[in-house]
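So the structure is just underneath, and the comments pick up after that.
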Amino acid sequence: GENVEQHPSTLSVQEGDSAVIKCTYSDSASNYFPWYKQELGKGPQLIIDIRSNVGEKKDQRIAVTLNKTAKHFSLHITETQPEDSAVYFCAASINGGSQGNLIFGKGTKLSVKP
Amino acid sequence: KAGVTQTPRYLIKTRGQQVTLSCSPISGHRSVSWYQQTPGQGLQFLFEYFSETQRNKGNFPGRFSGRQFSNSRSEMNVSTLELGDSALYLCASSLSGYGYTFGSGTRLTVV
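Heads up: the sequence lines are chains S and P, in that order.
Read left to right, the first sequence gives residues 6 to 119 (this note's numbering).
Read left to right, the second sequence gives residues 2 to 112 (this note's numbering).
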């Protein structure tokens with residue numbers, strides 16, 4: 006079955022710096038890759054997603070890139086702010102996400118220091 | 002617009018008991034998924050329902066079951082609770098099958 010590895014497990018940056026989180030997946034049939042942000046005491050919140058027919062997607066300070074050949078995708082956060090501090094999860098799905106079976110990475114705890 | 006609502010927020014049960022968790026999806030969303038979140042295993046998919054039918058199931062024992070009602074509300078049940086079932090149980094809903102929105106979860110503690 007699909008396996009998603011996420012690195013690093015923890016990341017500390019200064020406010021204003023960029024943060025990059027990387028994930029690799031094992032099943033070449035995966036075609037949908039969402040990223041979630043989870044704050045303490047809350048459920049994961051979808052921040053951006055990308056489908057396999059797109060190489061890059063951007064939404065304000067957040068961008069995701071996908072390399073299907075290498076089977077890895079990355080989250081880029083620019084101009085980080087203290088409110089970006091949270092745990093970030095990448096995920097992959099072979100059903101385009103349509104049947105809920107997202108396979109998640111183990112998460113990256115991002116700390117943004119003011 | 003109301004989000005995904007899960008009840009109760011916290012639950013303490015004894016080993017061997019059974020428990021039922023409830024999830025009300027965003028209005029109009031017909032797909033509901035359930036996940037288990039633990040520090041050791043992370044987020045793991047339990048099952049997904051669409052229009053009252055289970056379309057997909059994760060790798061969990063038969064003690065974990067669920068259902069969906071005609072109004073898209075969903076429940077999951079865990080029978081014969083074990084200590085290892087202690088976790089945050091998350092429900093997520095989607096209109097189209099993409100972009101699932103998660104609730105805040107039910108924190109289950111088994112003692």
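All C-beta atoms, glycine included, are put in the ideal place defined by N, C-alpha and C.
Please list the terminal residues of the continuous beta strand (DSSP E) segment that includes S/Phe78. For S/Phe78, the enclosing beta strand (DSSP E) begins and ends at 77 to 82.
Residue of P/Ser97, P/Ala88, P/Gly100, P/Leu96 minimising C-alpha distance to P/Val111: The residue with the shortest Cα to Cα distance from P/Val111 is P/Ala88.
On a CA-only basis, which of S/Gln86, S/Lys118, S/Ala96, S/Gly46 is nearest S/Val69? Give me that one, please. The shortest C-alpha separation from S/Val69 is found at S/Ala96.
Worksheet item: Can you name, in chain order, every residue of its own chain whose Cβ lies under 6 Å from the Cβ of S/Lys114, other than the five neighbours on each side?
Response: Around S/Lys114: Thr15, Val92.
- request: Report the residue from S/His12, S/Lys76, S/Leu107, S/Ile82 whose alpha carbon sits nearest the alpha carbon of P/Asn60.
  value: Closest by C-alpha distance to P/Asn60, out of S/His12, S/Lys76, S/Leu107, S/Ile82, is S/Leu107.
Open item on the list: So if DSSP puts P/Val111 in a beta bridge, which residue, or which two residues, is it bridged to?
Closed with: Within the DSSP secondary-structure output, P/Val111 pairs in a beta bridge with P/Lys14.
Q) Considering only C-alpha positions, which residue in the set S/Ser79, S/Phe38, S/Glu44 is nearest to S/Phe109? A) Nearest in C-alpha terms to S/Phe109, of all of S/Ser79, S/Phe38, S/Glu44, is S/Phe38.
Let's see if you can read the secondary structure: which residues bound the beta strand (DSSP E) around P/Tyr101? First-last for P/Tyr101: undefined, no H or E at that position.
Report task. Taking only beta carbons into account, state which residues of the segment 25 to 54 of chain P come closer than 7 Å to chain S, listed in chain order. Result -> From the segment 25 to 54 of chain P, only Ser32, Ser34, Gly43, Leu44, Phe46, Glu49 have a Cβ closer than 7 Å to chain S.
Item to check | Chain-ordered chain S contacts of P/Phe65 [CB-CB under 8 Å] | outcome: Those within 8 Å of P/Phe65 in chain S number zero; the least Cβ separation is about 14 Å.
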